[in-house]
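Visitor:
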Amino acid sequence: MKIRSHSESHLVELEDGSRWQIFPGDLDLTLDWTPETDLVVVEAAKDDVGSHLLVGVGEKVRVIREGDSWPIREAKDVLKDG
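Using our numbering, the first residue of the sequence shown is number 2, and each one after it goes up by one.
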């Protein structure tokens, strides 16, 4: 699926209209994304900090739907551990 909009570093909208919040620890993985970047949305493992992954260009980026909230404790643990 192609990117429709990625004007804010932490949000991406795909061509199907779905909007995703990017995990703060994964923002650097999105720096090379362009509208031509192909991404696949897959469900994340139950123990992952995100509900879904955007997979493409050799990277897996953790995301949640726009408007959802990150699980605070798990997100802090992941960010602390690098």
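Glycine included, each C-beta is placed from N, C-alpha and C at the ideal position.
How big is the Cα-Cα spacing for Val-56 and His-11?
Guide: If you number the sequence shown from 1, residue 56 lands on position 55. If you number the sequence shown from 1, residue 11 lands on position 10. So the two alpha carbons sit approximately 16 Å from each other.
Visitor: Between the region 69 to 77 and the region 30 to 45, are three or more C-beta pairs nearer than 8 Å?
Guide: Touching, no.
Visitor: Let me make sure I understand the geometry here. Which of Ser-8, Asp-29, Glu-16, Gly-18 has the alpha-carbon closest to that of Val-62?
Guide: Residue 62 sits at position 61 when you count from the first residue of the sequence shown. Nearest C-alpha to Val-62: Asp-29.
Visitor: Would you say Gly-68 lies against chain B (beta-carbon separation less than 9 Å)?
Guide: Among the protein chains of the structure shown there is no chain B, as only one such chain exists.
Visitor: Please classify Val-43: is it buried, with 16 or more other beta-carbons within 10 angstroms of its beta-carbon, or exposed?
Guide: Stepping through the sequence shown from its first residue, residue 43 is reached at position 42. The residue is exposed, with fewer than 16 neighbouring Cβ atoms inside 10 Å.
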